[in-house]
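Below is one structure, written out as C-alpha cells, with a few remarks after it.
Protein chains: 2
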Amino acid sequence: MGIQLGIIGYGGMGGFHHRNASRIEGVQVIGAYDTDPVRVHAAEKNGIKGFSTLEELLSCDEINTVLVAVPNDKHMELCVEAANAGKHVICEKPVAMNVRELDQMIAAAGRNGKIFTVHQNRRWDKDFRIVKKILDSGELGKVYSIQSRLHGSGGVMFGWRGEKKHGGGMLYDWGVHFIDQLMWMLGYNNFKSVFCKTYHVKTTEVEDYFFLVFDLEDGRHVQVEIGTFVLKELPRWVLLGDEATAYVNDFSRNGGIIRLDSTAETKSEIIMTSAGPTRTFAPRPDNVKLESELPEVQADWSEYYKNVRDAIDGKAELIVQPWQVRKVLKVIEAAFQSAETGNLVSLRD
Amino acid sequence: MGIQLGIIGYGGMGGFHHRNASRIEGVQVIGAYDTDPVRVHAAEKNGIKGFSTLEELLSCDEINTVLVAVPNDKHMELCVEAANAGKHVICEKPVAMNVRELDQMIAAAGRNGKIFTVHQNRRWDKDFRIVKKILDSGELGKVYSIQSRLHGSGGVMFGWRGEKKHGGGMLYDWGVHFIDQLMWMLGYNNFKSVFCKTYHVKTTEVEDYFFLVFDLEDGRHVQVEIGTFVLKELPRWVLLGDEATAYVNDFSRNGGIIRLDSTAETKSEIIMTSAGPTRTFAPRPDNVKLESELPEVQADWSEYYKNVRDAIDGKAELIVQPWQVRKVLKVIEAAFQSAETGNLVSLRD
Chain A
1 MGIQLGIIGY
11 GGMGGFHHRN
21 ASRIEGVQVI
31 GAYDTDPVRV
41 HAAEKNGIKG
51 FSTLEELLSC
61 DEINTVLVAV
71 PNDKHMELCV
81 EAANAGKHVI
91 CEKPVAMNVR
101 ELDQMIAAAG
111 RNGKIFTVHQ
121 NRRWDKDFRI
131 VKKILDSGEL
141 GKVYSIQSRL
151 HGSGGVMFGW
161 RGEKKHGGGM
171 LYDWGVHFID
181 QLMWMLGYNN
191 FKSVFCKTYH
201 VKTTEVEDYF
211 FLVFDLEDGR
221 HVQVEIGTFV
231 LKELPRWVLL
241 GDEATAYVND
251 FSRNGGIIRL
261 DSTAETKSEI
271 IMTSAGPTRT
281 FAPRPDNVKL
291 ESELPEVQAD
301 WSEYYKNVRD
311 AIDGKAELIV
321 QPWQVRKVLK
331 VIEAAFQSAE
341 TGNLVSLRD
Chain B
1 MGIQLGIIGY
11 GGMGGFHHRN
21 ASRIEGVQVI
31 GAYDTDPVRV
41 HAAEKNGIKG
51 FSTLEELLSC
61 DEINTVLVAV
71 PNDKHMELCV
81 EAANAGKHVI
91 CEKPVAMNVR
101 ELDQMIAAAG
111 RNGKIFTVHQ
121 NRRWDKDFRI
131 VKKILDSGEL
141 GKVYSIQSRL
151 HGSGGVMFGW
161 RGEKKHGGGM
171 LYDWGVHFID
181 QLMWMLGYNN
191 FKSVFCKTYH
201 VKTTEVEDYF
211 FLVFDLEDGR
221 HVQVEIGTFV
231 LKELPRWVLL
241 GDEATAYVND
251 FSRNGGIIRL
261 DSTAETKSEI
271 IMTSAGPTRT
281 FAPRPDNVKL
291 ESELPEVQAD
301 WSEYYKNVRD
311 AIDGKAELIV
321 QPWQVRKVLK
331 VIEAAFQSAE
341 TGNLVSLRD
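Written out as C-alpha cells, the structure is:
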C-alpha cells in the first residue's frame with residue numbers, strides 16, 4: 001500500500017517533502033492544498049494535484065496520508081481533521097502549541113485507528129548519528145557532559161517562526177529538534193530537571209537565543225545553546241568523557257576524538273600567566289594529545305519516510321512515536337516555565 | 001612604612017611571593033617559616049631569614065605583614081594567630097574552608113585593627129582585564145551571556161588541592177578566582193541564583209570539573225566551566241552581545257571582537273543539511289563578519305601588592321576587601337549545595 005501523500009501547506013517545507021519524499025519507493029505524492037492560490041498553482045506546475053480547499057484534499061480517495069506543513073498554530077486543527085477524514089497524519093515540527101493541543105491530535109488519530117507521527121527529521125542528522133554512535137560505543141569512557149550548540153550570525157527568525165501567535169521562537173523551531181535528539185538518545189525518563197534562559201536578541205516577539213542545562217537522572221548533565229546572533233561559533237557538539245573528548249564542528253563529519261597518548265613523556269611544569277603561576281592548567285606539548293577521526297555513519301533521511309511507509313503497512317514500529325514528541329513538548333514547556341520564573345523545573349512525571 | 005613581609009609556608013606560592021613581591025617598591029621580604037626544615041633552609045639560601053617555628057616569625061618585630069601560603073585548612077588558625085600577634089594579614093586563596101572560618105579571621109583582624117586581605121591575584125589577569133574593559137565600554141551592545149571557561153588536559157589536581165580535608169577541589173582552587181573576577185566585575189548583589197554540577201573525573205576525593213550557571217538580577221546569565229580533562233579547549237571567554245560577540249582564547253590577548261558588516265551584500269538562502277533544510281542557520285559568507293582586535297590593557301599583578309602597601313600606609317582603600325571574598329565563598333558554598341542537592345540555590349541574602 002505505502003504512502004499516498006497529500007500535502008497541506010505548500011511552502012518551504014511542503015515543497016521539500018514533495019521533492020524528497022517522492023523519490024522514495026512506496027511513497028507517491030498525490031497533491032497539495034494551500035491557502036495561497038499561487039502555491040496551489042506551483043504544486044500543479046510541479047506535476048501533482050492542486051487542491052483549492054482542504055475538503056477537496058481530505059476527500060481525495062487516492063490520498064491515505066496527509067502531511068501538515070503549516071505554521072505551528074494550525075497543526076492541531078488540521079491534524080485532527082485529517083485523522084477524522086481517515087488519513088494517516090505526518091505533522092511538521094513543532095508538533096503543537098502545547099501538550100493540550102497535542103493530546104487532542106493523538107486522541108483523534110487513535111479514535112480513527114490512524115498513524116500519527118511528526119517529522120523529527122534531525123534524528124537522521126549526520127552529526128547527531130556520529131554523536132550517538134560514539135556514546136553507544138563507550139569509547140569516551142564515562143561521559144559526564146554532553147554539549148549541543150548551534151550558533152548562527154543571521155540574527156533573523158524567518159516568517160511565522162518569528163511570531164508568537166504562530167508558535168514561533170527558537171525553542172519550538174530548533175530546540176524541539178535538539179531536545180528530541182537528546183531524549184531519544186539519552187532516554188526519555190533520564191531527564192530530571194531543566195534550567196533555561198531565553199533572550200530576544202534581535203527579535204521582538206519570540207526568543208532567538210536560549211541556553212538550558214538538563215540534569216540527568218544518571219548524573220550526567222546536558223548543555224544546549226542555540227542562537228542566531230552568536231558570531232563566534234563553538235562546535236556543534238562537545239562530549240566530555242573520563243577517557244576522551246569528542247567534538248563535532250558542524251552538521252557534517254568535521255571534528256575528532258581526542259585522547260591522551262599514555263606513551264608520551266611529559267612532566268608537570270609550572271607556567272606563569274600574567275597574574276600568577278599554574279601547574280594544573282599549564283599547556284602540554286601537542287604530542288600528548290592523539291586525535292582520531294570521527295566514526296563513519298549512515299545517516300539517511302529517507303529512513304524516516306520508509307519507516308512511516310512500513311508502519312502504515314504494518315511491517316514496522318513507528319520510529320517517531322507520539323508519546324516521544326509529547327515528552328519533548330513537555331520539556332519545552334518546562335524550559336519556558338524555567339525561563340519565565342527563574343526556577344529550576346522538575347521533569348519527573 | 002610599607003610592607004615588611006613574613007611568609008608562612010615556603011612552598012610553590014610562598015616562593016612565588018618572595019621572588020615577585022620583593023621587586024616592588026615599599027615591599028621587603030624579611031623571612032619565611034615552614035613546617036618543613038628543607039624549605040626553611042631554602043628561604044635562608046634565598047637570602048631571607050628562615051624561621052623554624054611560627055612563634056619566631058610572629059614575634060619578629062621587623063615583620064609587620066604576614067603572608068599565609070599553606071593548604072586551605074590551615075588558613076583560619078594561622079591568620080587569626082598572625083592578626084593576634086599584631087600583623088597585617090595577606091591570605092592565599094581560597095581564603096578558608098567555609099564562611100564560619102572566614103568570619104573568625106575577619107573578626108581577628110578587626111579586633112586587632114589590622115588589615116586583612118586575600119591574594120585574589122587573578123583580578124589582574126590580562127584576559128580578565130580585557131573582558132572587563134570590553135564590558136565596561138558597552139561596545140557589544142546589550143550583553144546577554146558571559147561565558148568563562150578553562151579547559152586543561154593534565155587530569156591532575158596537584159598536592160593538597162586534590163585532598164578534601166585540606167580544602168582542595170576545583171571550585172576552591174580555580175572557581176574561587178573566576179567567581180571573584182565575575183562578582184567584582186558584574187556586581188556582588190547581581191548574583192541571583194546558581195545551578196552547579198561537579199564531577200570527579202580523574203580524582204577520587206575532590207571535584208576536578210565543574211559547570212555552573214549564574215542567573216543575574218539584571219537578566220543576564222553567566223556560564224562557568226572548569227575542568228582538567230577537557231581535551232577540546234573552548235575559548236577562555238565568550239561574551240554575547242546584541243551588537244557583537246567577543247572571545248578571548250587564553251590568558252593572553254589572543255581573540256577578537258566580531259560584528260557584522262552592515263554594508264556587506266547578503267541574501268538569505270536555504271541550505272540543505274544532511275537531514276533537512278535551514279535558512280536560519282545557513283552559513284553566511286566570510287565577508288559578512290568583521291573581526292577586530294581585542295583592546296590593549298594594562299594588567300600588572302604588582303598593583304596588588306602596591307595596593308596592600310598603600311592601604312597599610314593609609315593612602316588607599318583595599319582593593320580585595322574581606323566582605324568581597326566572603327561573598328565569593330558564600331557563592332561557592334551555594335554551588336556545592338546545588339551540586340549535592342540537584343537544586344537551584346538562591347544567592348540573595
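Protein chains in written order, with full-length UniProt numbering: chain A, 1 to 349; chain B, 1 to 349.
Quick reminder that beta carbons are idealized off the backbone N, C-alpha and C, glycines included.
Values in this document were obtained by computation on a predicted structure and should not be read as measured data.
Let me make sure I understand the geometry here. Which of the options has the alpha-carbon closest to that of residue i?
{"i": "residue 142/B", "options": "74/B, 4/B, 240/B", "result": "240/B"}
{"i": "residue 250/A", "options": "294/A, 93/A, 244/A, 216/A", "result": "294/A"}
{"i": "residue 159/A", "options": "12/A, 220/A, 103/A", "result": "12/A"}
{"i": "residue 167/A", "options": "101/A, 15/A, 185/A", "result": "101/A"}
{"i": "residue 7/A", "options": "46/A, 106/A, 287/A", "result": "46/A"}
{"i": "residue 222/A", "options": "246/B, 217/B, 125/B, 196/B", "result": "196/B"}
{"i": "residue 83/B", "options": "68/B, 59/B, 114/B", "result": "114/B"}
{"i": "residue 280/A", "options": "161/B, 248/B, 289/B", "result": "161/B"}
{"i": "residue 175/B", "options": "27/B, 149/B, 284/B, 108/B", "result": "149/B"}
{"i": "residue 154/B", "options": "110/B, 27/B, 208/B", "result": "208/B"}
{"i": "residue 91/B", "options": "104/B, 67/B, 36/B, 99/B", "result": "67/B"}
{"i": "residue 76/B", "options": "229/B, 103/B, 65/B", "result": "103/B"}
{"i": "residue 61/A", "options": "40/A, 38/A, 88/A, 110/A", "result": "88/A"}
{"i": "residue 260/A", "options": "228/A, 243/A, 248/A, 205/A", "result": "243/A"}
{"i": "residue 231/B", "options": "205/A, 233/A, 286/A, 42/A", "result": "286/A"}
{"i": "residue 190/A", "options": "269/A, 99/A, 214/A, 163/A", "result": "214/A"}
{"i": "residue 72/A", "options": "171/A, 55/A, 151/A, 204/A", "result": "171/A"}
CA-CA distance, residue i and residue j?
{"i": "residue 272/A", "j": "residue 258/A", "result": "26 Å"}
{"i": "residue 198/A", "j": "residue 144/B", "result": "9 Å"}
{"i": "residue 4/A", "j": "residue 21/A", "result": "10 Å"}
{"i": "residue 200/B", "j": "residue 211/B", "result": "12 Å"}
{"i": "residue 53/A", "j": "residue 194/A", "result": "43 Å"}
{"i": "residue 330/A", "j": "residue 120/A", "result": "16 Å"}
{"i": "residue 225/B", "j": "residue 48/A", "result": "54 Å"}
{"i": "residue 25/B", "j": "residue 335/B", "result": "39 Å"}
{"i": "residue 131/B", "j": "residue 314/A", "result": "60 Å"}
{"i": "residue 109/B", "j": "residue 305/B", "result": "18 Å"}
{"i": "residue 106/B", "j": "residue 317/B", "result": "16 Å"}
{"i": "residue 51/A", "j": "residue 34/A", "result": "7 Å"}
{"i": "residue 343/B", "j": "residue 340/A", "result": "17 Å"}
{"i": "residue 86/B", "j": "residue 320/B", "result": "20 Å"}
Within this structure, are the beta carbons of residue i and residue j separated by less than 8 Å?
{"i": "residue 202/A", "j": "residue 156/A", "result": "yes"}
{"i": "residue 146/A", "j": "residue 328/A", "result": "no"}
{"i": "residue 57/A", "j": "residue 70/A", "result": "no"}
{"i": "residue 308/A", "j": "residue 95/A", "result": "no"}
{"i": "residue 299/A", "j": "residue 129/A", "result": "yes"}
{"i": "residue 32/A", "j": "residue 140/A", "result": "no"}
{"i": "residue 366/A", "j": "residue 185/A", "result": "Chain A is shown from 1 up to 349; residue 366/A falls before or after that span and cannot be answered."}
{"i": "residue 181/A", "j": "residue 123/A", "result": "yes"}
{"i": "residue 9/B", "j": "residue 27/B", "result": "no"}
{"i": "residue 292/B", "j": "residue 256/B", "result": "yes"}
{"i": "residue 206/B", "j": "residue 233/B", "result": "no"}
{"i": "residue 29/A", "j": "residue 41/A", "result": "no"}
{"i": "residue 283/B", "j": "residue 16/A", "result": "no"}
When DSSP labels each residue in this structure, what does residue i get in the three-state scheme?
{"i": "residue 166/B", "result": "coil"}
{"i": "residue 133/A", "result": "helix"}
{"i": "residue 65/A", "result": "strand"}
{"i": "residue 161/B", "result": "helix"}
{"i": "residue 109/B", "result": "helix"}
{"i": "residue 327/A", "result": "helix"}
{"i": "residue 102/B", "result": "helix"}
{"i": "residue 188/B", "result": "helix"}
{"i": "residue 5/A", "result": "strand"}
{"i": "residue 271/B", "result": "strand"}
{"i": "residue 338/B", "result": "helix"}
{"i": "residue 39/B", "result": "helix"}
{"i": "residue 200/B", "result": "coil"}
Checklist entry - Which of the residues in the stretch 332-347 of chain B, read from start to end, lie with their CB under 8 Å from any CB of chain A? => result Residues 342, 343, 344.
Next on the checklist: Beta carbons nearer than 9 Å to chain A: which residues of the stretch 277-288 of chain B have them?
Outcome noted: Within the stretch 277-288 of chain B, the qualifying residues are 277, 278, 279, 280, 281, 282, 283, 284, 288.
Checklist entry - What are the residues of the stretch 117-128 of chain B that lie near chain A, defined by any Cβ-Cβ distance shorter than 9 Å? => result Those would be 119, 121, 122, 123, 124, 125, 126, 127, 128, in chain order.
Item to check | Where the stretch 139-155 of chain A meets chain B: residues whose CB sits under 7 Å from a CB there | outcome: From the stretch 139-155 of chain A, only 144, 145, 150, 152, 153, 154 have a Cβ closer than 7 Å to chain B.
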